[in-house]
Amino acid sequence: MKAVSDLTEPQAADELAQLADALAAHDLAYRDAAPIISDAEYDVMRRRNDEIEARFPHLMRYNSPTQRVGATRAEQFSPVAHGTPMLSLENAFSQEDSADFDAKIRRFLMLGVAPVAYTAEPKIDGLSASLRYERGHLVQGATRGDGRVGEDVTANLSTLAEVPQRLSGSGWPDLIEVRGEVYLSKPAFSAMNAAAEAKGERPYANPRNAAAGSLRQIDPSITAQRQLRFFAYAWGQVSAPFADSQWQALARLSEWGFQVTSQSRRVQGVEGLLEAYRAFEALRPTLNFDIDGVVFKVDRLDWQDRLGFVSRSPRWGIARKFPAQQARTKLEAIDLQVGRTGAVTPVARLDPVTVGGVVVTNATLHNGDEIARKDIRIGDTVVVQRAGDVIPQVLEVVDPDRPGRSAPYVFPHICPCPLKTPLARETTATGAETVVRRCTGEFACPFQRIEHLKHFVSRRAFDIEGLGEKQLQMFFDDKTIQEPADIFKLAAFDAASFKKLKDREGFGSLSVQNLFAAIEARRHIGLDRFIFALGIRHIGETTAMTLARGYGTASAFMAAMLNVAAGDAEAMTELDDLDQIGKAVVDAAGAYFKEEHNQSIVQRLLAELDVQDAEAVVNDTAVAGKTIVFTGALERMTRDEAKAQAERLGAKVSGSVSKKTDLVVAGPGAGSKLKTAAYFGIRVLTEDEWITLIGG
Ligand code: IVH
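For the sequence shown, the working numbering begins at 671 and goes up steadily by one.
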C-alpha cells in the first residue's frame, strides 16, 4: 500500500470512495452482529481513511465514515433526539497514556501537587442506552445511535428487570436521563450462542453484538427472553444537580433502583490509576460479565464541568483498554483461501487453543508480506490474538531461534484452485506492487465461483428466500447451480429430472414450492440490484445505484460496459463522469467485462431476467443534493412513489431525521420525526408545499 504522503489527488479520491463503500458495508455487517473483518482490520481501514482525509480535506465525501459516529441507525425504530448528546471516551492503551490524561487535567485546572481523585469503573462490554425519567417514571429508552439521535427502543428496554419503570427512594430530579450499559452475562451469552448453533443459526461474535442484536428486536417479547441486564454509570440531561461527585452519583443511582458495578473504586493520582488498572485486570476473569478495560473519571463534578469536552469526548474521562486476548499455540499448516474477487489469503491452521474462552483453530495471516516480515514458519509456536471480534490473527512467532529446523515460508506461485493460475502480486495503476495476490480465474475458478454465487443470492443482492449459503453449496457441489442463470433454471431442471428435489433430505414439497416461487419472484429485479449482484470489484450498493441511474436500462449498461472493456475512450469518460465514480470502478468494470466468460455469464443471466429500468436523475432541480424525510400519511401519492420521485429529482431520501436532513415532508399522523425535525430546526413542508416545490 502506498504511503498517504505519496498519494496523488485522484488516487486519494479513488481510495476514499472505496473506503467509504467498504466501511459502510462493514458497519452494516457489524450492526447485524455478523462482522466480516476484525476490529483491528476495521481500525486499519478507518485510520487510512482518516489520514487521507487529513491530507486532502476537500476530498471528504458526503458518505465519509468520519461523518458518522458509532453504528448506523436502523430504519425500523423511530429516531429520538437525546436531551444531551451521548458521547464516547478517548482510549488509553498504556500507563503513559493514563499519566498524560492526569497531567492534562492538572494543567487545565491549574492544580497544585495534591493528587486528583478519580473513580475507576469496569468498562462493560455492551452497548450504551439512555433512559429518560420524568417525575420518576420511565418515559423513553433509546440507543446511542449517532450520539445525538438514537433509536426509540422504549418497549424493548422496558422488558429488562434491571430497568426500573419507576424510580425508588427520593430526591431524584424531575427530569433525568440515566445512562448506562445494556449487556449480557457470560453464561447468558454462552447459552444464547448454544441455542443459535443448535438451530443452525450463526452464533454471535461477542457479548456486545449479542446484546445489540437482542435489544434491537422489532418484537419486544423476544428481547424479554434474552436476559439482558443494565448497569447505570452516567447521566445526560437533568433538571437539577443531584450529586457533587461521580462516586456520590453512583450511590444515588443505586438508591433509585439501578444496578451499579460493585467493583468500582475511588483512587488518587497516577499511581491510583495504575493500581486500579492492575486490580481490574486480575478481577476480569472472575466477573460474570465481559469487560474490555477500565474507565477513569475525575470524581469531582464541578471539575468535570470546568473540564468540559473536546469534540466528541469529555476531558474528564478516559477508557484504559485491556490488550487484546492472546494465547500461544503451534502453527500446523498454512492454507490459502480464495475470496470472491480472487484475493488469496493465507490462513493459519492451528493446534486448537482457547483464547479468551473461545477455541481457535484458524487465524488469518493477512498476506504473504506479513508472513515474510514476521518470518512465520510452519511448525512455529505463534501468538494468536482475538480482540473481542471474529477473525483471530497470528501476531508473532514466540521463539524465532529455530536452529536448523524449519525453512522460511514460500508463498505458493500457483493458486490452490483446480485452474492452478499463477499467483502474481497485484500492481496498482501506477505500477506499484501491492500485497495482494489474486487468482485470475474469475468464474472459471470454483472457489471464486461459489463466493460469487453466495454474493449473488445475498440479502442486498438477489435475496432469494430458501436459497442460503448451505443450499447453494449443495446445488453447487452436485453441479445443478454453477452460475447465476442456473438458479432460474432450477425449476425446469427439477421438472425434467428423475430424482426430485422434494425427495431430498432437508427439502419437502412445500419448501421446494416456496423456493421456486421465491426464485420466480426475483426474475423481476431492479437494475441497481442486478448490477450489485454481479459482484464486480469496487461496485458496492451505492456505486451500483449510481450506475443504474446513469445508464437507465440493462441494455444501455451492457453496451456501455462492453465499450469500456474494449477501451473506448468516450465510454470510459462517460462512466468516469458519473457522480462519485473514479478510476478504480472504471478499471474494475473494464477488467470484468473484458473476460469473455463473464460476458457470457451475464448474457445468460439477462436472458432469464426482466430487469427493471432505473429512472434517470435530473440534477438541476430545487431539491437536488438535498436529504429529504417523508413522514406521516401522504395523500396524493404512495410513500414509494414519493421516494422514487424525489430521487429522480436528485434528492436523497432517508428514513430518519438527523442534523443532516434538509427537508421533512409531513402528512397527517406524523409523530416523533416532527419533534426531531423541530429539535434540529429543519424545514417542514406539507405534501402540497412539497409538490409545489418540485414544480407540480
Ligand atoms: S462513561 C461521555 N462508564 O464505553 C461518555 N462508559 O466510549 C460517558 N462504557 O460509550 C461514558 N462502561 O458505552 C462510561 N463505566 C462506564 C462504562 C462506559 C462501559 C462504554 C460506553 C461508552 C464507551 C466509552
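The beta-carbon is built from N, C-alpha and C at its ideal position, and this holds for glycine as well. Please read these numbers as outputs of a predicted model, since none were measured by experiment.
If you check the beta carbons only, do residue i and residue j fall under 9 Å apart?
i, j, result
"A881", "L797", "yes"
"L830", "L898", "yes"
"G1093", "P1082", "It is worth fixing the name first, because residue 1093 is Leu in this sequence and not Gly. A contact, by the Cβ cut-off of 9 Å."
"R1252", "A692", "The residue you asked about is not Arg; residue 1252 is Gly in the sequence shown. The answer is no: Cβ separation not under 9 Å."
"A694", "L729", "no"
"S800", "G883", "no"
"I1061", "V1052", "no"
"E1121", "G1009", "yes"
"T1150", "L1160", "yes"
"L1245", "A1230", "yes"
"E1359", "F1113", "no"
"M671", "R731", "no"
"V940", "L759", "no"
"A1321", "T1297", "yes"
"G1368", "F900", "The structure shown does not extend to residue 1368, since the chain spans only 671 to 1366, so no value can be given for it."
"F950", "A762", "no"
"E1135", "A1188", "yes"
"E1066", "F928", "no"
"K1343", "P749", "yes"
"L977", "D772", "no"
"V1054", "A997", "yes"
Cutting at 8 Å between CB atoms, please list the residues of its own chain near residue i, excluding the five before and the five after it.
i, result
"Q938", "P785, V786, A787 and Y788"
"R1019", "L1001, E1002, A1003, I1004, D1005, T1031 and N1032"
"I1364", "T1291, A1292, V1293, Q1315, A1316 and L1319"
"A751", "R818, V819, K1345, T1346, Y1349 and F1350"
"T1104", "M671, R1095, E1096, T1097 and T1098"
"L1089", "C1109, G1111, A1114 and C1115"
"L1142", "I1120, L1123, K1124, V1127 and I1151"
Tell me which residues share the same chain as residue i and place their Cβ nearer than 6 Å to its Cβ, disregarding the 5 neighbours each side in the sequence.
i, result
"C1085", "T1091, L1093 and C1109"
"A1203", "F1126, A1131 and F1132"
"R1274", "A1155"
"D684", "G1252, K1253 and A1254"
"L1035", "P1016, A1018, I1041 and V1064"
"A1013", "V1106 and R1108"
"G963", "K793, A989, R990, K991 and F992"
"R1353", "L1333"
Do you know whose CA, among the options, lies nearest residue i's CA?
i, options, result
"R803", "A894, N761, L944 and A910", "Per the sequence presented here, residue 803 reads as Tyr, with Arg not at that position. If we check each option's Cα against that of Y803, A910 comes out closest."
"L808", "G815, D795, K793 and L845", "L845"
"V852", "V819, L837 and A904", "A904"
"E1311", "E1285, N733, S758 and S708", "E1285"
"T1213", "A1254, W1360, M1242 and D720", "A1254"
"L1217", "F778, G1320 and D1198", "D1198"
"Q835", "G817, H1208 and R805", "R805"
"R1219", "G1196, A1236 and V1234", "G1196"
"I856", "E832, R896 and E847", "A small fix is needed here, since residue 856 is Lys in this sequence, not Ile. Nearest option by C-alpha distance: R896."
"P1070", "N876, C1087 and I1048", "I1048"
"R954", "K991, N1233, R970 and P749", "K991"
"V769", "A994, A989, M756 and N958", "In the sequence as presented, Val is not what sits at residue 769; that position holds Ala. Selected option, being the one with the closest Cα: A989."
"L957", "A1241, Q933 and S1328", "Q933"
"D676", "W973, L1248 and R725", "R725"
"G1302", "G1337, V1281 and A1277", "G1337"
"D972", "Q918, G815 and W926", "Q918"
"I961", "A994, D1173 and S748", "A994"
"W842", "V908, P680, D1021 and K1170", "V908"
"L1279", "I1157, L944, M1242 and G1325", "I1157"
"Y712", "T1100, E723, D697 and A1165", "D697"
"H1208", "A1259, N1233 and T1362", "A1259"
"R1056", "N1037, T1024, V1080 and S748", "T1024"
"V1299", "A1102, R886 and V1323", "V1323"
"I1271", "A946, L943 and L1123", "L1123"
"F1263", "N1233, P727, T1243 and L1248", "N1233"
Report all residues from its chain with a CB closer than 7 Å to the CB of residue i; omit the five preceding and five following residues, and keep chain order.
i, result
"T824", "Q810 and G811"
"D1283", "L1197, G1222 and T1223"
Discussion item. Ignoring anything shorter than 3 residues, give me the beta strand (DSSP E) runs that lie fully in the region 878-928, in order along the chain.
Written reply: 899-908
Worksheet item: At what residue ranges does the region 1018-1071 contain a whole run of the beta strand (DSSP E), taking only runs of 3 or more?
Response: 1028-1034, 1051-1056 and 1063-1067
Worksheet entry | Continuous beta strand (DSSP E) assignments of at least 3 residues falling wholly in the region 1075-1163 | 1095-1097 and 1103-1107
Fill in: beta strand (DSSP E) runs wholly inside the region 764-811, at least 3 long, in chain order
787-794 and 797-804
Discussion item. Quick check for students: name the residue ranges of the beta strand (DSSP E) that lie wholly in the region 957-1003, counting only runs of 3 or more.
Written reply: 961-968 and 987-991
Worksheet item: Which runs of the alpha helix (DSSP H) fall wholly inside the region 1284-1349 and span at least 4 residues, in chain order?
Response: 1309-1318
Discussion item. Report the start-end ranges of each alpha helix (DSSP H) in the region 1192-1256 that is 4 residues or longer and not cut off at the edges.
Written reply: 1197-1203, 1211-1221, 1224-1235 and 1239-1247
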